[in-house]
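Chains as they are written, first to last, in the working numbering: chain A, 611 to 819; chain B, 75 to 166. A virtual CB, placed ideally from N, CA and C, is assigned to each residue, including glycine. Since the structure comes first, as structure tokens, the remarks are kept for the end.
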Amino acid sequence: MDQGSSGAESHVKADAETDSAFLQRAASGESAAFDVIVARHQAAVDRFIRTLGGVDADDVLQETFIAAWRGAGSFRGTGSARSWLLSIARNAHRHQHRRRVDEPRAFVPLELLAQRAGWSADPAESRRTDAVLAADLLTQALAHLPPDEREVLVLRELEGFSGAEAAGVLQLTETAMKSRLHRARLHLAAAVYELDSPLPPSGGQHVGT
Amino acid sequence: MSAPDAGLNTVVARVRCSEVLDELSDLLDGTMRTERRAMIAAHLAGCDRCARFGGDVARVIAQLRAALGVPTPLASDRADQLRASLRRAQAG
């Protein structure tokens, strides 16, 4: 390990090396080593699967870790074990979900999303944006987004993946990932705005439509 | 300053509101070039709607991270089920 690196960097690197070492041992048939990987990452993998939705999360979770166990030898250690596992989870989710997350769908212009998120609202109309939003409301808002936007938000905002790492899991160029992330953020703000507004916006348009 | 009914076509400090909207994520992620950031900052200083909107989006993201950033641990019965399923696969 690089002795010149900071404490935080060393910690992250040590964790990554340990994951890699455990996966190597798992690849040679050591199930106890794989149990460590499962214990470390099962909650995050489960969150990712449940955020994508539309499937039996337990089935996909099991399929993910069984595939990871069988494919442990293919982990190259170039990225994190977490991103490797989420890539497998994404494939497992696709196996079980009838609709692919990247299936073409109605295109909502960014400007319309911004309007829905309150861009043009009268500044005099107070919003409760300073209040702490409840986790339930945020979860509900997230559920209004298309699956491809939900997954990019989980990777970038919740997992804290770098742009390159998130793009790798999503099999997108970094530019395409950034564009999707931008849309997802505006869409989330629109969903929160509509769910959190004391009065529904006029025009009868809703984020889920 | 332009008329408020110009909407996203409103130009403030030589930057259109729609440009700010398009580049908001770059601004929030700190991936914008210094000169461009200064131009956007000048726009935000003179445009209440964009400043308020940018702040709202930033707050929603920050609150998403704060509320849901740490995944909920698996309930013990689900973790047991996962382990049992893995054991069967490992034995087979």
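Under the rule that a run must span 3 or more residues, no beta strand (DSSP E) segment is found entirely inside the region 740-774 of chain A. Collapsing the DSSP output to three states places R107(B) in coil. Listed in chain order, the non-local C-beta contacts of R90(B) below 8 Å within the same chain comprise L82, N83 and T84, local neighbours out to five positions each way being set aside.
Along the region 125-159 of chain B, the alpha helix (DSSP H) does not occur as any fully enclosed run of 4 or more residues. Chain A places a beta carbon closer than 8 Å to that of G143(B), counting this residue as a contact.
In this structure, DSSP gives R90(B) an extended state, which the three-state scheme calls strand.
Using a CB distance cut-off of 8 Å, W694(A) does not count as an interface residue toward chain B. Excluding sequence positions up to five before and after A667(A), its CB lies within less than 8 Å of the CB of D656, I659 and R660, all in the same chain and listed in chain order.
Within the region 631-684 of chain A, no complete beta strand (DSSP E) segment of 3 residues or longer occurs.
Chain order gives the chain A residues near G81(B) as S730, where near means a beta carbon separation below 8 Å. The beta carbon of H754(A) does not come within 8 Å of any beta carbon belonging to chain B, so the residue lies off that interface. Of all C-beta pairs linking the region 633-650 of chain A to the region 125-145 of chain B, fewer than three are shorter than 8 Å, placing the two stretches out of contact.
Within the same chain, Cβ atoms closer than 8 Å to the Cβ of L156(B) are found at L148, the five residues on either side in sequence being excluded.
A Cβ of chain B is located within less than 8 Å of the beta carbon of I676(A).
In this structure G663(A) is not in contact with P756(A), their Cβ atoms being roughly 11 Å apart against a cut-off of 8 Å. From the listed residues A682(A), G728(A), R704(A) and G683(A), the smallest Cα separation to A125(B) is found for G728(A). Taking a C-beta distance under 8 Å as the contact criterion, V762(A) and L780(A) qualify as a contact pair. Taking all protein chains shown into account, S690(A) has 16 or more neighbouring C-beta atoms within 10 Å of its C-beta and is therefore buried. Under the 10 Å beta carbon count, G683(A) is surrounded by fewer than 16 other beta carbons and is classified as exposed. Rounded to the nearest whole angstrom, the CA to CA distance from T783(A) to A777(A) is 6 Å. Look at L662(A): its C-beta is not under 8 Å from any C-beta on chain B. Residue contact with chain A for D130(B): present (Cβ-Cβ distance below 8 Å to some residue of chain A). The three-state secondary structure of V802(A), taken from DSSP, is helix.
If you check the CB distance, L798(A) and L720(A) do not come in under 8 Å.
Here E775(A) is buried, its C-beta having at least 16 other C-beta atoms within 10 Å.
In the DSSP assignment, W694(A) falls within the alpha helix (DSSP H) that extends over A691 to Q706. Around the beta carbon of V670(A), a 10 Å sphere encloses 16 or more other beta carbons of the protein chains shown; the residue is thus reported as buried.
The beta-carbon of R650(A) is placed no less than 8 Å from the nearest beta-carbon of chain B. One finds nothing in chain B with a Cβ atom closer than 8 Å to the Cβ of Q706(A); even the nearest lies about 14 Å away.
Residue range L720 to R726 is occupied by the alpha helix (DSSP H) that includes R726(A).
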